[in-house]
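Residue 252 in full-length UniProt numbering sits at position 252 of the sequence shown, with consecutive numbering throughout. What follows is one structure encoded as structure tokens, with my remarks underneath.
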Amino acid sequence: MPLAEKRDEALSMYASSTGDVNTPCMLFEANFDKQYASAKELIDEFRQIYPNTQSNIKDKDIGDFMNRYCQVLKTHKKLSCYSEYKNKELLSADEKVNYNIKYLGCRDKIIAQRKASQEVFETEMPIDIDESALELIRSENVDINYILWLISKGEEKKKIMQKVYCNTRIRSCAPLIDEFIDKWEGTEKREDLSVDKEWKGFISNKQNEELDEIISEFNFKIEERENIKEVLLEEEKDKILQGNWLRNILPHSSYFDTASQEQIKKAKSALLELMNRWEQYRI
1 MPLAEKRDEA LSMYASSTGD VNTPCMLFEA NFDKQYASAK ELIDEFRQIY PNTQSNIKDK
61 DIGDFMNRYC QVLKTHKKLS CYSEYKNKEL LSADEKVNYN IKYLGCRDKI IAQRKASQEV
121 FETEMPIDID ESALELIRSE NVDINYILWL ISKGEEKKKI MQKVYCNTRI RSCAPLIDEF
181 IDKWEGTEKR EDLSVDKEWK GFISNKQNEE LDEIISEFNF KIEERENIKE VLLEEEKDKI
241 LQGNWLRNIL PHSSYFDTAS QEQIKKAKSA LLELMNRWEQ YRI
């Protein structure tokens, strides 16, 4: 297949994936130089309004930032279909990582606002999220195995954490990965160790610590420890929601004791929260 036909096919596939039916016509009718000039103007304006060095996006600017960055990502993606764009990219890899982190941070803030509508922000933030930008970010995601490989190769911690924070799947475990990197770097004779096994051991130890904490906090029966752990690992929410199972792992109390009922309610919430946290560990 001639190169031009391959490019046309790639552009058509991209247009279908983004739902942008005008993409093929726009790209085919305009040559690369015109597209590049238009994109440069768009990205330069975005960079001027939201410099890469800017640490946080203000609440009042979240909607504008997300909309503009969505257009920047789409434009950057379209140009990447051209071989001429290589070595002339308008958005560097480091810039994209930083802006992705900011975009995902803004998205998290909007979702948090939805979940806690009573929380008051300085200004009203947008309700709608353009998921097309999110899909473009997700398409570049790396998995935990790649992160562990970078750790084993001695990649700078700051660069590794940037990749973690701009990853839609593993960014929620950023504090955990940050802690593991510190532990790994403080380990002697790392060359004799498997980073994958060390990571699994680290997660297992973390789960055991958290399990022991919750057992101590709610005075669960120590002989029920493995039972509780199995329920959490197997994500058996129904058992946690059932009062009988909770009563079996808690000290004996009267059904009519108000304080006991309140303790069961708190224990239920704590166990569900721990279950959700452990689910995030499966990255």
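Even glycine gets a Cβ: it sits at the ideal position worked out from N, Cα and C.
Item: Closest by C-alpha distance to glutamine 71, when choosing among Lys102, Glu84, Leu136 and Ser83; Value: Leu136
Item: Proximal residues to isoleucine 151 (C-beta, below 7 Å), its chain only, five neighbours per side dropped; Value: Ile160, Ile181, Trp184 and Val195
Item: Tyrosine 165 burial status per 10 Å Cβ neighbour count (16 or more: buried); Value: buried
Item: Cα-Cα separation between methionine 275 and leucine 232, rounded to whole angstroms; Value: 5 Å
Item: Expected contact under 8 Å - CB spacing of tyrosine 69 and phenylalanine 46 to nearest Å; Value: 7 Å
Item: Per-residue burial, histidine 252 [other beta carbons within 10 Å of its own, 16 or more giving buried]; Value: exposed
Item: Rounded straight-line distance, which links the Cα of threonine 168 to that of leucine 246; Value: 34 Å
Item: Residue range of the unbroken alpha helix (DSSP H) whose run includes aspartate 33; Value: 32-49
Item: Cβ neighbours of phenylalanine 65 in the same chain (closer than 6 Å, five flanking residues each side left out); Value: Tyr50 and Ile57
Item: Nearest-angstrom Cβ-Cβ length linking glutamate 226 and isoleucine 249, presumed shorter than 8 Å; Value: About 11 Å; that fails the 8 Å criterion.
Item: Proximity to glutamine 280 [Cα-Cα], best of Gln261, Lys197, Lys229 and Leu176; Value: Leu176
Item: Neighbourhood of isoleucine 215 by C-beta, 8 Å cutoff - its chain only, sequence neighbours within 5 removed; Value: Ile222, Arg225 and Ile228
Item: Secondary structure of threonine 168, DSSP reduced to three states; Value: coil
Item: Cα-Cα separation between serine 80 and asparagine 87, rounded to whole angstroms; Value: 10 Å
Item: Supposed close pair isoleucine 240, lysine 265 - CB separation, criterion 8 Å; Value: Actually they do not touch by this definition, with Cβ atoms about 12 Å apart.
Item: Length at least 4, wholly inside the segment 136-162: the alpha helix (DSSP H) runs in chain order; Value: 144-152
Item: Test item: CB-CB of glutamine 207 and tryptophan 278 under 8 Å; Value: yes
Item: 3-residue-minimum beta strand (DSSP E) runs that sit fully inside the segment 54-81, ordered along the chain; Value: none
Item: Alpha helix (DSSP H) runs contained entirely in the segment 191-231, provided each spans 4 or more residues; Value: 195-218
Item: Glutamate 84 versus lysine 153 - alpha carbon distance; Value: 33 Å
Item: Simplified DSSP state of lysine 189, which is helix, strand or coil; Value: coil
Item: Cα-Cα separation, glutamine 162 to glycine 243; Value: 43 Å
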